[in-house]
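For the sequence shown, position 287 (counting from the first letter as 1) is numbered 287 according to my numbering, and the numbering increases by one without interruption.
Written out below as structure tokens is the structure these notes cover.
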Amino acid sequence: MSSGTGAPELDRLEREALEEFSSAEDASRLEQIRLGFLGKKGTLTEVLRGLGKLPPEERAEVGSRANKVKVRLEEALEAARSRLGSESESRSSRDAFDVTLPGILPEQGSRHPIYQVAERMIHTFHNLGFQVADGPEVEDEWHNFIGLNIPPDHIARDPSQNFYLVDDLLLRSQTSTVQIRVMEQNSPPLRIIAPGKVYRPDTVDASHSFMFHQLEGLMVDEGVSFGELKTTLLLFFRQMFSREVEMRLRPSFFPFTEPSAEVDLSCPFCARKGCKVCSQSGWFEVGGCGMVDPNVFEAVGIDPEKYTGFAFGLGIDRLTMASHDIPDIRYLFENDVRFLEQFSY
Ligand code: DAH
């Protein structure tokens with residue numbers, strides 16, 4: 001446009017451009033129109049570029065008018081773009097939407113496998129007449145060691161084997177603490193189980209973790225025998241596992257039981273043939289047990305001449321591994337959803 005452009009020419013340019021923008025039938029035509037008016041060599045661009053050559057008295061009026069036209073053309077261009085864009089979008093989304101597809105279900109969580117197994121253990125012991133008892137995870141030395149007949153120089157009391165907090169407070173290293181708490185506050189007959197978390201500064205590997213879960217059991221009455229201990233555990237394992245399992249009690253030592261035994265199950269990974277998980281022994285250790293030591297009864301004020309009792313501590317994580325053929329305890333604590341999903345219900 002020549003340097004003599006005035007307001008009437010701008011009016012005409014505006015009218016033409018608006019008409020063309022609104023009638024553009026597709027995106028490439030729209031682009032051509034844009035270049036014709038607003039491109040580097042577009043008519044409106046030339047007007048703006050030529051402003052400097054106008055006499056000063058015209059420059060302000062034509063300049064302000066030209067800028068207004070530019071704004072209007074840009075608005076019209078945007079409107080045309082969204083008209084063309086939304087037309088093609090609505091056509092394709094109409095084609096793509098299949099109303100017969102099933103809906104997308106929201107992801108649903110489920111209980112952690114350790115807690116599913118703990119619940120099954122609790123339920124099974126309920127059937128055998130045991131009730132759940134509870135105790136704190138931060139314990140004192142009395143409940144964690146002294147009441148349990150564990151002497152001051154015992155390796156289990158070494159500060160390097162425990163998570164001490166302050167003075168005589170520590171994170172409990174075993175659920176046997178709950179035995180002491182229950183016997184301090186109740187008189188026989190007693191039949192309790194105590195599931196919960198315990199803590200030891202063990203190096204993490206396929207079968208160790210610094211935090212794990214135990215289920216403690218205690219039965220105290222007149223005339224309770226080792227035979228009853230064995231029968232209780234056997235009945236428990238038979239009910240707990242739908243498949244047939246063998247149990248073995250191996251002589252051992254715990255300060256709070258006499259006699260004491262380790263509890264082994266036939267290795268669930270190799271059916272006793274011997275494998276890496278059971279160190280080729282065919283047996284899988286799941287806990288300890290024994291007859292309550294008379295010193296423990298004395299510590300809590302129960303007459304050892306009148307009463308006897310048995311106790312056991314089972315590894316809930318170990319039983320979770322045995323139930324589901326999980327060869328490495330770390331899977332249970334990594335909380336990888338792909339692992340956990342296999343146990344959802
Ligand atoms: N508290 C023992 C541990 O953590 C397990 C245990 C063994 C518990 C024998 C008992 C028991 O009640 O009688 O290794």
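Note that beta-carbon positions come from the ideal geometry of N, C-alpha and C, so glycine has one too.
In the three-state scheme derived from DSSP, where H, G and I count as helix and E and B as strand, Ser252 is classed as strand.
Per DSSP, reduced to three states, the secondary structure at Ala76 is helical. Between the alpha carbons of Arg272 and Arg248 lies a gap of roughly 12 Å.
Cα atoms of Phe312 and Phe163: separation of roughly 23 Å, rounded to the nearest angstrom. No heavy atom of the ligand DAH is found nearer than 7 Å to the CB of Gly135. Comparing alpha-carbon positions, the option among Lys276, Val292, Phe210 lying closest to Ser225 turns out to be Val292. The beta carbon of Leu84 is closer than 6 Å to those of Ala27 in its chain, skipping five residues each way along the sequence. Phe163 sits in a strand when the DSSP states are folded into three classes. At a cut-off of 7 Å, the beta-carbon of Ser209 does not count as near the ligand DAH: no heavy atom of the ligand is closer than that.
Pairing Val182 with Leu215, the inter-Cα distance amounts to about 14 Å. Leaving aside the five residues that flank Lys70 on each side, the residues in its chain whose CB is nearer than 8 Å to its CB run, in chain order, Leu38, Leu44, Leu48. Fully enclosed beta strand (DSSP E) runs of no fewer than 3 residues occupy 138-140 of the segment 91-158, in order along the chain. Secondary structure at Asp303: coil, using DSSP grouped into helix, strand and coil.
Per the Cβ contact rule, the segment 292-310 is not in contact with the segment 236-243 (fewer than 3 Cβ pairs under 8 Å). In the three-state DSSP reduction, Pro8 falls in the helix class (H, G or I). Taking a C-beta distance under 8 Å as the contact criterion, Arg330 and Val198 do not qualify as a contact pair.
When C-alpha distances from His213 are compared across Pro159, Ile316, Thr257, the shortest belongs to Ile316.
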